[in-house]
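Asker: So the sequences go chain by chain: E and Y. Heads up: the first sequence begins at 1 in the numbering used here, then just goes up one per residue. Heads up: the second sequence begins at 115 in the numbering used here, then just goes up one per residue.
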Amino acid sequence: NAGVTQTPKFQVLKTGQSMTLQCAQDMNHNSMYWYRQDPGMGLRLIYYSASEGTTDKGEVPNGYNVSRLNKREFSLRLESAAPSQTSVYFCASSEGQGWINEQFFGPGTRLTVL
Amino acid sequence: DQQVKQNSPSLSVQEGRISILNCDYTNSMFDYFLWYKKYPAEGPTFLISISSIKDKNEDGRFTVFLNKSAKHLSLHIVPSQPGDSAVYFCAASSRRGSARQLTFGSGTQLTVLP
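Listed below in structure tokens is the structure:
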């Protein structure tokens, strides 16, 4: 099992460009999450999907959109990238409620917006 | 306003000794607490959790203590091993309306010296 995979691993964008971060899990988990981690800060939730077909905003959703393509895949889109979105992005999944149970994280995508 | 605080950015401990990582919180509505470990260039991995109805939970070398009156939890690692060198995040969960949310601390870098 690969667990949670994310592509790309690294990306550099110019201000105003768009891109989609891809995430897939092979553990048949219902719930999936997108976080960002900035230096000196903890992980902050951008969006989550409690089950296929549903998505909800997290703590910092502005500037992002998500798609739960199927049970396996959950993508994060930046429509018009800004330097403030320079960060490391983590995707995670969980069987049940990831708020009280284990979440499995991908290796992250390091995004730089110039 | 950080609701979950890890006031020590770093901690160094000799191999074989005890490591104690601390976490303070301000929101009395937090009712589950989790610890995650993160190695460089990898996603966080779940370590241990505790419900607010307990004051202690053990899993092998890892023990989490919860002091609700002080709004403080700690992670004890005994004995510490060089492979434990990583960033440790505490996270706290509370209800947000009909849903839940998870708030992470900023992390503590643990270095176990051989």
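Beta carbons: idealized from backbone N, C-alpha and C, even for Gly.
Closest Cβ-Cβ distance between E102 of chain E and chain Y: below 8 Å?
Answerer: Counting from one through the first sequence, the residue named residue 102 of chain E turns up at place 102. Yes - at least one Cβ of chain Y is within 8 Å of the one on E102 of chain E.
Asker: Between the region 116 to 130 of chain Y and the region 170 to 177 of chain Y, can you find at least three pairs of beta-carbon atoms closer than 8 Å?
Answerer: With the cut-off at 8 Å, the region 170 to 177 of chain Y and the region 116 to 130 of chain Y do not touch.
Asker: Look at the alpha carbon of N62 of chain E and the alpha carbon of E95 of chain E, and state the distance between them as a whole number of angstroms.
Answerer: Counting from 1 along the first sequence, the entry for residue 62 of chain E is found at position 62. Counting from 1 along the first sequence, the entry for residue 95 of chain E is found at position 95. If you take the alpha carbons of N62 of chain E and E95 of chain E, they lie about 27 Å apart.
Asker: For the beta strand (DSSP E) holding H190 of chain Y, just list the boundary residues, first then last.
Answerer: Numbered from its first residue, the second sequence carries residue 190 of chain Y at position 76. First-last of the beta strand (DSSP E) with H190 of chain Y: H186 to I191.
Asker: In whole angstroms, what separates the C-alpha of I134 of chain Y from that of T140 of chain Y?
Answerer: Position 20 of the second sequence, counted from the start, is the residue given in the question as residue 134 of chain Y. Position 26 of the second sequence, counted from the start, is the residue given in the question as residue 140 of chain Y. When rounded, the distance between both Cα atoms is 20 Å.
Asker: Tell me, please, whether the CB atom of W99 of chain E is closer than 8 Å to any CB atom in chain Y?
Answerer: The sequence position of residue 99 of chain E within the first sequence is 99, counting from 1. Taking Cβ atoms only, chain Y reaches closer than 8 Å to W99 of chain E, which makes this a yes.
Asker: Taking just the CA atoms, how far does A184 of chain Y sit from R210 of chain Y?
Answerer: Working through the second sequence from its first residue, we reach residue 210 of chain Y at position 96. Working through the second sequence from its first residue, we reach residue 184 of chain Y at position 70. Cα to Cα, the separation comes out at about 23 Å.
Asker: Compute the distance between the beta-carbons of R110 of chain E and S18 of chain E, then report whether it is under 8 Å.
Answerer: In the first sequence, the residue the question calls residue 110 of chain E occupies position 110. In the first sequence, the residue the question calls residue 18 of chain E occupies position 18. Not a contact, by the Cβ cut-off of 8 Å.
Asker: Can you check which of these residues, E:T5, E:Q11 and E:P83, is closest to N34 of chain E by C-alpha distance?
Answerer: Here the question's residue 34 of chain E lines up with position 34 in the first sequence. The sequence shown places Trp at residue 34 of chain E, not Asn. Out of E:T5, E:Q11 and E:P83, E:T5 has the C-alpha closest to the C-alpha of W34 of chain E.
Asker: So, are the CB atoms of S93 of chain E and Q25 of chain E less than 8 Å apart?
Answerer: The residue labelled residue 93 of chain E in the question sits at position 93 within the first sequence. The residue labelled residue 25 of chain E in the question sits at position 25 within the first sequence. Contact: yes.
Asker: For a contact defined as C-beta to C-beta under 8 Å, what are the partners of F160 of chain Y on chain E?
Answerer: For the purposes of this step, residue 160 of chain Y is identified with residue 46 of the second sequence, where counting begins at 1. Near F160 of chain Y (Cβ distances below 8 Å), the residues of chain E are E102, Q103 and F104.
Asker: For Y202 of chain Y, decide whether its Cβ has a neighbour in chain E, counting only Cβ atoms nearer than 8 Å.
Answerer: Reading the second sequence from its first residue, position 88 is the one you call residue 202 of chain Y. Closer than 8 Å: no.
Asker: Measuring only the C-alpha atoms, how far is G174 of chain Y from N101 of chain E?
Answerer: Along the second sequence, one-based indexing puts residue 174 of chain Y at 60. Along the first sequence, one-based indexing puts residue 101 of chain E at 101. Roughly 18 Å separates the two Cα atoms.
Asker: With 16 as the cutoff for other CB atoms within 10 Å, does K9 of chain E come out buried or exposed?
Answerer: If you number the first sequence from 1, residue 9 of chain E lands on position 9. K9 of chain E should be labelled exposed.
Asker: Taking only three categories from DSSP, how would you classify Q25 of chain E?
Answerer: As a first step, residue 25 of chain E must be located in the first sequence, where it is residue number 25. Looking at Q25 of chain E - three-state DSSP - the assignment turns out to be strand.
Asker: With a CB to CB cut of under 7 Å and the five nearest residues on each side skipped, what residues in its chain are close to P196 of chain Y?
Answerer: Within the second sequence, residue 196 of chain Y is the residue found at index 82, counting from 1. Result list for P196 of chain Y: E129, V226 and P228, in chain order.
Asker: Starting from S207 of chain Y, find everything on chain E with Cβ-Cβ shorter than 8 Å and list it in chain order.
Answerer: Looking up residue 207 of chain Y in the second sequence gives position 93. Residues of chain E passing the Cβ test: W99 and I100.
Asker: In the DSSP assignment, find the unbroken beta strand (DSSP E) run with R110 of chain E in it and report its ends.
Answerer: Here residue 110 of chain E refers to the residue found at position 110 of the first sequence. Element bounds for R110 of chain E: T109 to V113.
Asker: List, in order along the chain, the chain E residues whose C-beta lies closer than 7 Å to that of G221 of chain Y?
Answerer: Position 107 of the second sequence, counted from the start, is the residue given in the question as residue 221 of chain Y. In chain order: G42.
Asker: Pop quiz: S199 of chain Y and F144 of chain Y are said to be a contact at Cβ under 8 Å. What is the actual Cβ separation, rounded to whole angstroms?
Answerer: For the purposes of this step, residue 199 of chain Y is identified with residue 85 of the second sequence, where counting begins at 1. For the purposes of this step, residue 144 of chain Y is identified with residue 30 of the second sequence, where counting begins at 1. Not quite, the Cβ-Cβ distance comes to about 28 Å (not below 8 Å), so this is no contact.
Asker: Note down the Cα distance separating V125 of chain E from N181 of chain Y, rounded to an integer number of angstroms.
Answerer: The structure shown does not extend to residue 125 of chain E, since chain E is modelled only from 1 through 114, so no value can be given for it.
Asker: Select from Y:S220, Y:L148, Y:C137 and Y:F160 the residue whose C-alpha is nearest the C-alpha of H186 of chain Y.
Answerer: Residue 186 of chain Y sits at position 72 when you count from the first residue of the second sequence. Among Y:S220, Y:L148, Y:C137 and Y:F160, the Cα nearest to that of H186 of chain Y is on Y:C137.
Asker: Give the single residue among Y:L148, Y:A155 and Y:I132 whose Cα lies nearest to the Cα of V88 of chain E.
Answerer: Locating residue 88 of chain E in the first sequence gives position 88, counting from the first residue. Selected option, being the one with the closest Cα: Y:A155.
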